[in-house]
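Trainee: Have a look at this one before I ask anything.
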Amino acid sequence: MSGVACGRPERFGESVPATAGSRPDRGGGSALGVEPAGEPPDLRLAGLAVAAWLAALVCLHLTAPSAALLAATAAGLAALGAAHLLGVLGRPTGPVRRYGWIAVAVLIGVVCGASATAARLHVRDAAPLRALVDDRVRVTAELVLRDDPRPIRGAPGRPATLLVTAELTRLTDLDGRRVSAPVRVLVLATDPAWRGRLPGQRLTAEGRLTAPRGGDLTAAVLIVPGPPVAHGPPPWLQRAAGTLRAGLQRACDPLPDEQGGLLPGLVVGDTSRLPPTVEEDFRATGMTHLNAVSGSNVAIVVGAVLLLVRWARAGPGVAAVLCGLALVGFVILVRPSPSVVRAATMGAIGLAALAAGRPRAALPALSAAVAVLVLLDPDLAGDAGFALSVLATGGLLLLAPKWRDALRRRGVPAGVAEALAVPAAAQLACGPVVAGISGTVSLVAVPANLLAVPAIAPATVLGVLAAAVSPLWPAGAEFAAWLASWPAWWLVTVARVGARLPAGTLPWPGGVPGALLLAGLTVALLLATRRPVVRRLVAVGTAAVILGTLPVRILASGWPPAGWVVVGCAVGQGDALVLPVAAGRAVVVDAGPEPSAVDGCLRRLGVREVSLLVVSHFHADHVGGVVGVFRGRRVVEVRTPGLAEPAAGRDLVAGAAAGALVLQAAAAGWSYRAGGVELVALGPPYPLHGTRSDPNNNSLVLRATVAGVRILLAGDAETEEQRALLDRVPPDGLRAEVLKVAHHGSAYQDPAFLDAVRPAVAVVEVGVDNDYGHPSPSVLARLARSGVRVLRTDTDGDVAVVTGRHGLAVVTRGVAPGRS
3 MSGVACGRPE
13 RFGESVPATA
23 GSRPDRGGGS
33 ALGVEPAGEP
43 PDLRLAGLAV
53 AAWLAALVCL
63 HLTAPSAALL
73 AATAAGLAAL
83 GAAHLLGVLG
93 RPTGPVRRYG
103 WIAVAVLIGV
113 VCGASATAAR
123 LHVRDAAPLR
133 ALVDDRVRVT
143 AELVLRDDPR
153 PIRGAPGRPA
163 TLLVTAELTR
173 LTDLDGRRVS
183 APVRVLVLAT
193 DPAWRGRLPG
203 QRLTAEGRLT
213 APRGGDLTAA
223 VLIVPGPPVA
233 HGPPPWLQRA
243 AGTLRAGLQR
253 ACDPLPDEQG
263 GLLPGLVVGD
273 TSRLPPTVEE
283 DFRATGMTHL
293 NAVSGSNVAI
303 VVGAVLLLVR
313 WARAGPGVAA
323 VLCGLALVGF
333 VILVRPSPSV
343 VRAATMGAIG
353 LAALAAGRPR
363 AALPALSAAV
373 AVLVLLDPDL
383 AGDAGFALSV
393 LATGGLLLLA
403 PKWRDALRRR
413 GVPAGVAEAL
423 AVPAAAQLAC
433 GPVVAGISGT
443 VSLVAVPANL
453 LAVPAIAPAT
463 VLGVLAAAVS
473 PLWPAGAEFA
483 AWLASWPAWW
493 LVTVARVGAR
503 LPAGTLPWPG
513 GVPGALLLAG
523 LTVALLLATR
533 RPVVRRLVAV
543 GTAAVILGTL
553 PVRILASGWP
563 PAGWVVVGCA
573 VGQGDALVLP
583 VAAGRAVVVD
593 AGPEPSAVDG
603 CLRRLGVREV
613 SLLVVSHFHA
623 DHVGGVVGVF
633 RGRRVVEVRT
643 PGLAEPAAGR
653 DLVAGAAAGA
663 LVLQAAAAGW
673 SYRAGGVELV
683 ALGPPYPLHG
693 TRSDPNNNSL
703 VLRATVAGVR
713 ILLAGDAETE
723 EQRALLDRVP
733 PDGLRAEVLK
743 VAHHGSAYQD
753 PAFLDAVRPA
763 VAVVEVGVDN
773 DYGHPSPSVL
783 ARLARSGVRV
793 LRTDTDGDVA
803 VVTGRHGLAV
813 VTRGVAPGRS
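First residue of the sequence shown? That's 3 in our numbering, and the numbers climb one at a time after it.
Now the structure itself:
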């Protein structure tokens with residue numbers, strides 16, 4: 003997960019006080035070591051931790067370290083003033099004493115967070131290194147890797163780019179000048195020799211420096227085209243972890259792709275083999291935390307050991323020792339990188355409480371851990387994984403015990419009550435960050451995670467067992483992985499079904515505003531439900547809304563329709579088609595003649611991020627609206643045809659990208675995969691020159707596959723390119739259930755090409771009363787004689803092809819706008 007890091011988990015504890023008459027479980031706390039619900043939470047260190055966190059986060063985004071130092075000085079003076087005032091008052095009682103010292107703790111937290119961040123920013127922005135970065139010079143860099151190289155997903159058609167986080171120890175420029183620079187850098191590498199490098203390894207690499215995006219402690223981005231030079235082996239712990247992880251991957255090789263890709267993600271956070279469709283389903287159902295090394299994963303491992311210890315009736319000391327050993331083994335298995343150490347620290351909070359025999363000590367321990375980690379590494383303040391770890395742990399400590407005991411007082415068995423309370427508390431606490439990241443609020447996250455609970459422990463335990471025995475007993479490792487594949491299959495099934503439920507996710511404002519909005523609403527709701535009358539009103543109101551709106555969404559779900567695989571936008575005389583990647587994300591092919599039309603279509607579809615923009619060719623009716631695609635949206639990648647004509651159209655696309663993206667040409671054979679969308683470029687099979695229209699006949703012709711439906715997007719290909727495709731592409735390669743008819747249904751169609759495609763549905767992108775006579779009556783008649791259902795944007799408006807239990811269907815959205 004990635005995105006904003008926001009939220010104040012300690013506030014959740016203030017919103018749900020101890021319930022009268024509640025009592026702790028026998029044995030003290032729950033199986034996860036959270037505090038009994040009969041005692042109020044200990045929030046003495048919470049203010050300091052939250053203040054240090056927020057101060058570091060704000061200072062990371064300041065343009066100068068001096069501003070952070072100034073903020074620390076001001077907070078220090080205010081803290082001294084407040085402490086002096088409390089001393090003058092002698093021994094104040096009641097709220098004055100309590101909140102006065104809380105204010106002092108908050109100010110001390112600001113001092114600590116701002117000072118630590120200012121010191122790191124001063125090192126990051128040191129003058130010698132900054133000058134090299136500004137000049138974008140070529141250097142030889144001595145590096146120490148901090149984490150595993152991570153490939154950028156979503157563009158299989160181009161050489162893979164690896165993101166490598168490293169600590170820079172020294173630089174040497176072309177003139178031989180050396181700069182000692184113990185700072186953090188981000189390496190962008192394309193050479194496959196970077197794969198398999200382990201954290202802690204010392205390397206030398208040559209590349210060009212460039213400026214980072216800011217907002218963290220990264221001092222520079224190093225673009226490296228060649229291989230690294232290693233200086234000695236990695237640390238032995240990293241080598242041991244690498245051996246175990248490789249053994250787990252080998253044990254999972256015989257399994258089906260979905261289970262074989264998921265199991266390493268569950269055990270060690272390795273999602274390199276996880277199919278994108280499964281990844282999107284896990285994101286839509288709020289189960290992504292299972293595939294990342296976070297505090298939640300640590301809690302699963304520790305919780306499984308605790309359940310076994312509790313079943314054996316062992317004491318707290320034995321439980322702490324066994325869980326500590328499990329925690330150390332987990333860290334070695336998933337590699338002791340900074341992110342793993344952070345997650346293990348969050349998981350160790352419960353162990354500290356168990357060892358002390360005081361579950362109430364868990365929350366102060368969490369606060370202290372947050373403060374110490376932020377001071378040691380202020381970059382964590384802006385890390386979404388850190389925020390999710392803290393929030394999940396805070397939810398388990400503050401909310402889960404009260405909800406568990408409330409369910410038990412209503413007659414729910416202890417195990418069931420805990421199984422219900424834990425995922426609900428963790429999901430509610432993490433909700434604001436998840437909403438900020440995804441731009442959606444999942445309504446199926448809690449039931450999906452609840453259904454996943456029985457499968458997580460066996461899958462994880464068997465996966466760990468497979469990794470542990472793989473170096474000595476490969477056959478036993480494969481057997482353990484096969485056993486683990488069955489609970490993994492259940493997790494995949496839960497995610498798939500949950501992601502496809504109607505109204506499973508609702509759109510929500512993304513980024514920091516959306517996260518803060520949901521956090522405020524959550525806190526307000528928790529405060530309001532302290533009163534029994536309000537709780538009943540909220541329950542009745544929620545049930546009424548669900549019962550009243552869900553049938554409407556199921557029976558008349560509005561736009562876009564459920565199960566849509568492609569939408570042809572009514573943009574006038576031009577092309578703009580949309581393929582769904584995930585909630586709020588899509589692939590867009592062409593942009594129509596003007597910005598407002600395509601922008602409106604994407605807004606109606608709820609598209610907030612364009613994973614890929616494909617320009618079939620540079621005529622104005624396909625690129626004139628490209629600014630509308632970028633309007634208020636992040637565009638990840640742009641692909642264009644090889645023929646850059648007319649030049650004005652290419653310049654228009656480049657201007658819309660505003661230098662943030664490099665336009666990359668796609669040739670025949672190029673492929674792309676994101677979420678549930680797969681693309682393959684079929685044409686032009688070779689450059690075509692001297693045709694009736696060279697730009698048209700060099701259009702990118704794409705075959706898309708969405709939810710098993712094949713869609714042929716023919717751009718403006720005319721008879722010359724269509725015949726070339728018939729000569730070079732096997733007949734099955736052109737076969738598709740849906741055809742975007744080439745060139746707005748013009749008469750320049752090869753009948754053999756239409757026969758080879760044999761579509762069930764044809765979409766004609768065309769403007770009302772256009773001057774070109776599009777679409778051709780003879781082409782429409784030929785399609786009709788073949789039994790093809792024809793949709794036209796000039797008469798039907800936005801058109802969608804949907805898939806369901808009964809096969810393909812079509813949905814239209816009314817009359818199109820007038821001539822453009």
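Using N, Cα and C, we set each Cβ at its ideal position, and we do this for glycine too.
Measure the alpha-carbon distance for Gly626 versus Gln575 and round it to whole angstroms.
Mentor: Taking the sequence shown and counting its residues from 1, one reaches residue 626 at position 624. Taking the sequence shown and counting its residues from 1, one reaches residue 575 at position 573. The alpha-carbon atoms of Gly626 and Gln575 are separated by roughly 11 Å.
Trainee: Run the CB neighbour count on Val446, radius 10 Å, all protein chains shown included, and call it buried at 16 or more, exposed below.
Mentor: Numbered from its first residue, the sequence shown carries residue 446 at position 444. Answer is buried; the Cβ neighbour count reaches 16.
Trainee: Apart from the five residues on each side of it in sequence, which residues of its chain come closer than 6 Å, Cβ to Cβ, to Thr212?
Mentor: Position 210 of the sequence shown, counted from the start, is the residue given in the question as residue 212. These residues qualify, in order along the chain: Arg138 and Val223.
Trainee: As a quick exercise: from Asp729, Arg605, Leu645 and Pro648, pick the residue whose alpha carbon is nearest that of Gly630.
Mentor: Position 628 of the sequence shown, counting from 1, holds the residue named residue 630. Residue Arg605 is the option with its Cα nearest to Gly630.
Trainee: If you draw a straight line from the alpha carbon of Trp238 to that of Leu422, how long is it in whole angstroms?
Mentor: As a first step, residue 238 is located in the sequence shown; it is residue number 236 there, counting from the start. As a first step, residue 422 is located in the sequence shown; it is residue number 420 there, counting from the start. So the alpha carbons of these two residues sit roughly 41 Å apart.
Trainee: By the 10 Å Cβ neighbour count, where 16 or more other Cβ atoms means buried, how is Leu292 classified, buried or exposed?
Mentor: Mapped onto the sequence shown, residue 292 falls at position 290. Burial call: buried.
Trainee: Kindly provide the ranges of any alpha helix (DSSP H) runs that are 4 or more residues long and lie completely inside the stretch 395-446, ordered along the chain.
Mentor: You should have 402-411 and 416-440.
Trainee: With 16 as the cutoff for other CB atoms within 10 Å, does Gln261 come out buried or exposed?
Mentor: In the sequence shown, counting from the first residue as 1, residue 261 sits at position 259. With 16 or more Cβ atoms within 10 Å of its Cβ, Gln261 is classed as buried.
Trainee: Which first and last residues belong to the alpha helix (DSSP H) in which Ala572 is found?
Mentor: Taking the sequence shown and counting its residues from 1, the one referred to as residue 572 is at position 570. From DSSP, Ala572 is part of no alpha helix (DSSP H); its letter is neither H nor E.
Trainee: Taking one C-beta from the stretch 378-398 and one from the stretch 426-439 each time, how about it: are there three or more such pairs within less than 8 Å?
Mentor: Touching, yes.
Trainee: With distances taken from CA atoms, which of Glu680, Val376, Ser701 and Ala191 is nearest Ala667?
Mentor: Taking the sequence shown and counting its residues from 1, one reaches residue 667 at position 665. Nearest C-alpha to Ala667: Ser701.
Trainee: Looking at the strands, I want to know which residues DSSP matches up with Ser673.
Mentor: Here the question's residue 673 lines up with position 671 in the sequence shown. Ser673 pairs with Val682.
Trainee: As a quick exercise: from Arg641, Asp796 and Pro425, pick the residue whose alpha carbon is nearest that of Ala670.
Mentor: Residue numbering aside, residue 670 sits at position 668 when the sequence shown is read from its first letter. Ranking Arg641, Asp796 and Pro425 by Cα distance to Ala670 puts Arg641 first.
Trainee: For Gly5, which residues of its own chain have a beta-carbon under 7 Å away from its beta-carbon, when the five flanking residues on both sides are left out?
Mentor: Locating residue 5 in the sequence shown gives position 3, counting from the first residue. Only weak support exists for where Gly5 lies, its pLDDT of 34 falling under 50; the coordinates are left without a value.
Trainee: Taking 7 Å as the cut-off, is the beta-carbon of Pro456 closer than that to any non-hydrogen atom of the ligand FMN?
Mentor: The ligand FMN is absent from the structure shown, which contains no ligands of any kind.
Trainee: Between which residues of its own chain and Arg759 is the CB-CB distance below 7 Å, once the five residues before and five after are set aside?
Mentor: As a first step, residue 759 must be located in the sequence shown, where it is residue number 757. In the sequence as displayed, the identity of residue 759 is Val instead of Arg. Excluding residues within five positions, the ones whose Cβ falls inside 7 Å are Leu714, Leu736, Arg737, Ala738 and Leu741.
Trainee: Which residue comes first and which comes last in the beta strand (DSSP E) that contains Asp798?
Mentor: One-based indexing of the sequence shown puts residue 798 at position 796. Asp798 -> not in any beta strand (DSSP E); alpha helix (DSSP H) instead, spanning Thr795 to Asp798.
Trainee: What number of angstroms, rounded off, separates the C-alpha of Ala744 from the C-alpha of Ala242?
Mentor: Indexing the sequence shown from 1 puts residue 744 at position 742. Indexing the sequence shown from 1 puts residue 242 at position 240. Looking at the two C-alpha atoms, the distance is approximately 56 Å.
Trainee: Using 10 angstroms around the beta-carbon of Ser274, count the other beta-carbons present and answer buried if the total reaches 16, otherwise exposed.
Mentor: On the sequence shown, residue 274 is found 272 positions in, with the first residue counted as 1. Under this definition Ser274 is an exposed residue.
Trainee: Express the C-alpha separation of Thr206 and Ala232 in angstroms, rounding to a whole number.
Mentor: Within the sequence shown, numbered from 1, the residue matching residue 232 stands at position 230. Within the sequence shown, numbered from 1, the residue matching residue 206 stands at position 204. C-alpha separation (whole angstroms): 7 Å.
Trainee: So, does the stretch 453-470 touch the stretch 251-271, judging by three or more C-beta pairs under 8 Å?
Mentor: Touching, per the Cβ criterion.
Trainee: The alpha helix (DSSP H) that contains Pro256, what's its start and end?
Mentor: The residue you call residue 256 lines up with position 254 of the sequence shown. Element bounds for Pro256: n/a, residue is neither H nor E.
Trainee: At the level of alpha carbons, what is the spacing between Glu680 and Arg406?
Mentor: The residue given as residue 680 occupies position 678 in the sequence shown. The residue given as residue 406 occupies position 404 in the sequence shown. Whole-angstrom Cα-Cα distance: 44 Å.
Trainee: Assign Val617 to one of three DSSP states: helix, strand, or coil.
Mentor: Sequence index remark: in the sequence shown, residue 617 carries index 615 (1-based). Here Val617 sits in coil by DSSP.
Trainee: Who are the Cβ neighbours of Ala719 in its own chain at under 6 Å, not counting the five residues just before and after it?
Mentor: Position 717 of the sequence shown, counting from 1, holds the residue named residue 719. Closer than 6 Å at the Cβ level, and outside the excluded window around Ala719, lie Ser701, Val703 and Ala744.
Trainee: Where Gly198 and Val146 are concerned, what is the direct C-alpha to C-alpha distance, given to the nearest angstrom?
Mentor: On the sequence shown, residue 198 is found 196 positions in, with the first residue counted as 1. On the sequence shown, residue 146 is found 144 positions in, with the first residue counted as 1. Rounded to whole angstroms, Gly198 to Val146 spans 14 Å at the Cα level.
Trainee: Would you mind sorting Gly809 into buried or exposed? The rule is 16 or more other CB atoms within 10 Å of its CB.
Mentor: As a first step, residue 809 is located in the sequence shown; it is residue number 807 there, counting from the start. Exposed is the call here.
Trainee: In this structure, does DSSP put Arg179 in helix, strand or coil?
Mentor: Walking along the sequence shown from the start, residue 179 turns up at place 177. Coil, per DSSP.
Trainee: Out of Arg411, Leu614, Val323 and Arg122, which has the shortest C-alpha to C-alpha gap to Ala706?
Mentor: Numbered from 1 along the sequence shown, position 704 holds the residue referred to as residue 706. Ranking the options by Cα distance to Ala706, first place goes to Leu614.
Trainee: If I'm right that Ser618 touches Pro643 with Cβ under 8 Å, what's the distance once you round it to whole angstroms?
Mentor: Along the sequence shown, read from residue 1 onward, the residue named residue 618 stands at position 616. Along the sequence shown, read from residue 1 onward, the residue named residue 643 stands at position 641. With 8 Å as the limit, Ser618 and Pro643 qualify as a contact, their Cβ atoms being about 7 Å apart.
Trainee: Going straight from the alpha carbon of Ala116 to that of Val638, what length do you get?
Mentor: As a first step, residue 116 is located in the sequence shown; it is residue number 114 there, counting from the start. As a first step, residue 638 is located in the sequence shown; it is residue number 636 there, counting from the start. For Ala116 and Val638, the distance between alpha carbons rounds to 34 Å.
Trainee: Kindly give me the distance between the Cβ atoms of Gly608 and Gly586, rounded to whole angstroms, as I take these residues to be in contact under 8 Å.
Mentor: On the sequence shown, position 606 is the one that residue 608 refers to. On the sequence shown, position 584 is the one that residue 586 refers to. Yes, Gly608 and Gly586 are in contact; Cβ-Cβ is about 6 Å, under 8 Å.
Trainee: If Val804 and Val567 are in contact, beta carbons under 8 Å, what's the gap, nearest whole angstrom?
Mentor: The residue given as residue 804 occupies position 802 in the sequence shown. The residue given as residue 567 occupies position 565 in the sequence shown. That pair is a contact at about 7 Å.
Trainee: With distances taken Cα to Cα, identify the nearest neighbour of Ala783 among Asp800, Pro753 and Glu596.
Mentor: By one-based count along the sequence shown, residue 783 stands at place 781. It is Pro753.
Trainee: Assuming Ala802 contacts Val781 (C-beta within less than 8 Å), just tell me the rounded distance between them.
Mentor: Indexing the sequence shown from 1 puts residue 802 at position 800. Indexing the sequence shown from 1 puts residue 781 at position 779. The pair is not a contact, with the Cβ atoms about 22 Å apart (cut-off 8 Å).
Trainee: If you draw a straight line from the alpha carbon of Ala572 to that of Ala168, how long is it in whole angstroms?
Mentor: Sequence index remark: in the sequence shown, residue 572 carries index 570 (1-based). Sequence index remark: in the sequence shown, residue 168 carries index 166 (1-based). Looking at the two C-alpha atoms, the distance is approximately 48 Å.
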